[in-house]
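**Q**
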Amino acid sequence: MLFVRVEPDTEPYALTPIALDLIRQFESCRLHAYRPTPTDILTIGWGATRNSDGSRIRADQQWSRAEADRRLDVDARLVARHVAALLGSATTSRSQFDALVALAYNIGVDALSRSTLIREHRSGNHAAAAAEFARWNHQAGTVLRGLTRRRAAEAMLYRQGDA
Numbered sequence: 037m038l039f040v041r042v043e044p045d046t047e048p049y050a051l052t053p054i055a056l057d058l059i060r061q062f063e064s065c066r067l068h069a070y071r072p073t074p075t076d077i078l079t080i081g082w083g084a085t086r087n088s089d090g091s092r093i094r095a096d097q098q099w100s101r102a103e104a105d106r107r108l109d110v111d112a113r114l115v116a117r118h119v120a121a122l123l124g125s126a127t128t129s130r131s132q133f134d135a136l137v138a139l140a141y142n143i144g145v146d147a148l149s150r151s152t153l154i155r156e157h158r159s160g161n162h163a164a165a166a167a168e169f170a171r172w173n174h175q176a177g178t179v180l181r182g183l184t185r186r187r188a189a190e191a192m193l194y195r196q197g198d199a
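The sequence shown begins at 37 in my numbering and counts up by one.
1) Of the choices G160, A191, I54 and I80, whose alpha-carbon is the least far from that of A102?
2) DSSP on A191, reduced to helix/strand/coil?
3) State yes or no: is the C-beta of V110 within less than 7 Å of the C-beta of L136?
4) Assuming I93 contacts A69 (C-beta within less than 8 Å), just tell me the rounded distance between them.
5) Would you check if the distance between the CB atom of H157 and the CB atom of A165 is smaller than 7 Å?
6) If the criterion is Cβ atoms closer than 7 Å, does the pair A191 and F169 meet it?
7) Quick check: what's the CA-CA separation for F133 versus R186?
8) Checking 7 Å against the spacing of the C-beta atoms, do A138 and A55 come in under that value?
9) Report the rounded CA-to-CA distance for V32 versus A95, giving the unit in angstroms.
10) With a CB to CB cut of under 6 Å and the five nearest residues on each side skipped, what residues in its chain are close to D198?
11) Compare the Cα-Cα distances from I154 to each of W99, T127 and R86 and report the closest residue.
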């Protein structure tokens, strides 16, 4: 098993197609602005909440599929850079890194930075870190089947790094 030390100032955070496919599989692409729940902020494309200029998504906004795909690529790379910085000097396999980025794309880098999952990973306790994915399956206090399936897929990808 090849393990890489992911450096925040280099570019090994170009995600693999597996990671991007995992994000796409669970995000789904909507080309019209929508609210995932009545209390959520407006979202478009593959889960984008802001335009490339930093402005919030507008209720009347529409994107092409090409715009949504470009934005996913930009956002996923940005998330990857933040995840690489969170990892510091922790030994991380490619599949572990991709799984952590897929998770952070959905829950946010700030949430990941405060999580037991990232602490367990950095300490080298990968089995405990993998088990933590399952805890992130709630939205507004309710367990969602889709999030449960997503976390299982992310955890499976993460565990490939320990093979």
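Even for Gly, the Cβ is constructed at its ideal location relative to N, Cα and C.
**A** Quick look at the numbers:
1) Translated into positions along the sequence shown, residue 102 becomes position 66. For A102, the nearest C-alpha among the options comes from I80.
2) Stepping through the sequence shown from its first residue, residue 191 is reached at position 155. Here A191 sits in helix by DSSP.
3) For the purposes of this step, residue 110 is taken as the residue at position 74 of the sequence shown. For the purposes of this step, residue 136 is taken as the residue at position 100 of the sequence shown. Against a cut-off of 7 Å, the Cβ pair of L136 and V110 comes out as no contact.
4) For the purposes of this step, residue 93 is taken as the residue at position 57 of the sequence shown. For the purposes of this step, residue 69 is taken as the residue at position 33 of the sequence shown. Right, their Cβ atoms sit about 5 Å apart.
5) Your numbering for residue 157 matches position 121 in the sequence shown. Your numbering for residue 165 matches position 129 in the sequence shown. Yes; because the gap between Cβ atoms is below 7 Å, this pair is in contact.
6) Counting from one through the sequence shown, the residue named residue 191 turns up at place 155. Counting from one through the sequence shown, the residue named residue 169 turns up at place 133. Yes. Within cutoff.
7) Here residue 133 is taken as the residue at index 97 of the sequence shown, counted from 1. Here residue 186 is taken as the residue at index 150 of the sequence shown, counted from 1. So the two alpha carbons sit approximately 16 Å from each other.
8) The residue you call residue 138 lines up with position 102 of the sequence shown. The residue you call residue 55 lines up with position 19 of the sequence shown. Their beta carbons are under 7 Å apart, which means A138 touches A55 by this criterion.
9) There is no way to answer for residue 32, as the model of the chain reaches only from 37 to 199.
10) Position 162 of the sequence shown holds residue 198. H162, listed in sequence order.
11) As a working note, residue 154 is residue 118 in the sequence shown. Here the closest residue by C-alpha is T127.
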